[in-house]
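Asks:
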Amino acid sequence: MRSATLPEPFPLPGLRTRRFGRFSCFLPQVDSTNLFLKEMAERLPSGAVCVAGVQTAGRGRLGRTWTGQGKDLPFSLLIRARAPLPALSLCCGVAVAEALSELTGADFGIKWPNDIICEDKKICGILCESRAAGEGEICMVCGMGINLTQTAADFARAGLPHGGSVEMLTGQRIGPAAAAAAVLNRLEPLCDRMAAQGFGSVKARFAARCVTLGRQVSVIEEDRSSCGRAVDIADDGALLVAFPNPGGRGESIRTVLAGEASVRGLMGYI
Numbered sequence: 138m139r140s141a142t143l144p145e146p147f148p149l150p151g152l153r154t155r156r157f158g159r160f161s162c163f164l165p166q167v168d169s170t171n172l173f174l175k176e177m178a179e180r181l182p183s184g185a186v187c188v189a190g191v192q193t194a195g196r197g198r199l200g201r202t203w204t205g206q207g208k209d210l211p212f213s214l215l216i217r218a219r220a221p222l223p224a225l226s227l228c229c230g231v232a233v234a235e236a237l238s239e240l241t242g243a244d245f246g247i248k249w250p251n252d253i254i255c256e257d258k259k260i261c262g263i264l265c266e267s268r269a270a271g272e273g274e275i276c277m278v279c280g281m282g283i284n285l286t287q288t289a290a291d292f293a294r295a296g297l298p299h300g301g302s303v304e305m306l307t308g309q310r311i312g313p314a315a316a317a318a319a320v321l322n323r324l325e326p327l328c329d330r331m332a333a334q335g336f337g338s339v340k341a342r343f344a345a346r347c348v349t350l351g352r353q354v355s356v357i358e359e360d361r362s363s364c365g366r367a368v369d370i371a372d373d374g375a376l377l378v379a380f381p382n383p384g385g386r387g388e389s390i391r392t393v394l395a396g397e398a399s400v401r402g403l404m405g406y407i
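All residue numbers for the sequence shown refer to the working numbering, where the first residue is 138 and numbers rise by one.
See the structure below:
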């Protein structure tokens, strides 16, 4: 059972948003910032943010677990709306990649659908969840975990050869508040545009950073794996993959949905 007392505020210097992050709180330790916001949603305004020092039961896409050992930035954003925002997690990916590039000057890309990549290492995972709320509203919770200060040795001990952190790869130490504010500054206008015009209106920004496009990939669906070439992003955020036809007679384009498949490069994670 969550405490009835709201946690302490978490100032976000440099925040330029109208709604996102205007209420922000900090928990030294929590099971999951997503779970916290989902359970407290009725008591919090839309745009509320929860930041954790340590997250003990963080989850990634497809149910994978993750903890950043207190060296990352686990935070979640609550959005209430009348209708779901399409491809919200991909929109979050654009905001994180652009914000980290702005803060460090380094190149951050997106491995479809929403892993943030720098020098072929995973810097951030994103998990967006939603549930029905009262009076016809939908509560959407966007969870983001950005690796800030872990070392190569930290990832080796955790058995994560594809993991990396901002400091490890750029040499720059970014504080949690500065990182969260920069992401929210990018994310709010992206979400406003997507709510009004759909994901197609921000697709070009996603595609410009998508490291998956143009690569040979392995698409893993349940116990089946198929090899093809990632060729484009659909207007709903799905990945379009060209698979060779039997007998070598050209290719067929197939839509791959983020919630139903995992995509990896033929030679590794990317």
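Note that beta-carbon positions come from the ideal geometry of N, C-alpha and C, so glycine has one too. Being a predicted model, the structure only gives us computed values, none of them experimental.
How would you write the range of the beta strand (DSSP E) that residue 284 sits in, first residue to last?
Replies: If you number the sequence shown from 1, residue 284 lands on position 147. Unbroken beta strand (DSSP E) run through residue 284: 275-284.
Asks: Quick one: is residue 280 buried, meaning 16 or more other Cβ sit within 10 Å of its Cβ, or exposed?
Replies: On the sequence shown, residue 280 is found 143 positions in, with the first residue counted as 1. So residue 280 counts as buried.
Asks: Need the endpoints of the beta strand (DSSP E) that residue 397 sits in, please.
Replies: One-based indexing of the sequence shown puts residue 397 at position 260. It is not in any beta strand (DSSP E) - residue 397 carries neither H nor E in the DSSP assignment.
Asks: Which two residues bound the contiguous alpha helix (DSSP H) that contains residue 334?
Replies: One-based indexing of the sequence shown puts residue 334 at position 197. From DSSP, the alpha helix (DSSP H) with residue 334 extends over 313-334.
Asks: What's the C-alpha gap between residue 354 and residue 174?
Replies: By one-based count along the sequence shown, residue 354 stands at place 217. By one-based count along the sequence shown, residue 174 stands at place 37. So the two alpha carbons sit approximately 35 Å from each other.
Asks: Ordered along the chain, which non-local residues of its own chain (more than five positions away) have a Cβ less than 6 Å from that of residue 401?
Replies: Along the sequence shown, read from residue 1 onward, the residue named residue 401 stands at position 264. Excluding positions up to five away in sequence, the list reads 355.
Asks: What does DSSP give as the partner residue(s) for residue 380 in the beta ladder?
Replies: On the sequence shown, position 243 is the one that residue 380 refers to. According to DSSP, which records beta bridges pairwise, residue 380 is partnered with 389.
Asks: Give me the Cα-Cα distance between residue 310 and residue 210, rounded to the nearest whole angstrom.
Replies: Taking the first residue of the sequence shown as 1, we reach residue 310 at position 173. Taking the first residue of the sequence shown as 1, we reach residue 210 at position 73. Cα to Cα, the separation comes out at about 12 Å.
Asks: Does the beta-carbon of residue 220 have 16 or more other beta-carbons within 10 angstroms, so that it is buried, or is it exposed?
Replies: In the sequence shown, residue 220 corresponds to position 83, counting from 1. It counts as exposed.
Asks: Give the single residue among 159, 298 and 256 whose Cα lies nearest to the Cα of residue 348.
Replies: Reading the sequence shown from its first residue, position 211 is the one you call residue 348. Comparing Cα-Cα distances from residue 348 to each of 159, 298 and 256, the minimum goes to 256.
Asks: The beta strand (DSSP E) with residue 188 in it runs from where to where?
Replies: Taking the sequence shown and counting its residues from 1, one reaches residue 188 at position 51. First-last of the beta strand (DSSP E) with residue 188: 186-192.
Asks: Using only the alpha-carbon positions, how far apart do residue 170 and residue 283 sit?
Replies: Along the sequence shown, read from residue 1 onward, the residue named residue 170 stands at position 33. Along the sequence shown, read from residue 1 onward, the residue named residue 283 stands at position 146. So the two alpha carbons sit approximately 13 Å from each other.
Asks: Going by CA-CA distance only, name the one from 272, 322 and 153 that's closest to residue 217.
Replies: For this step, residue 217 is matched to residue 80 along the sequence shown. Looking at the Cα atoms, 272 is the closest of the given residues.
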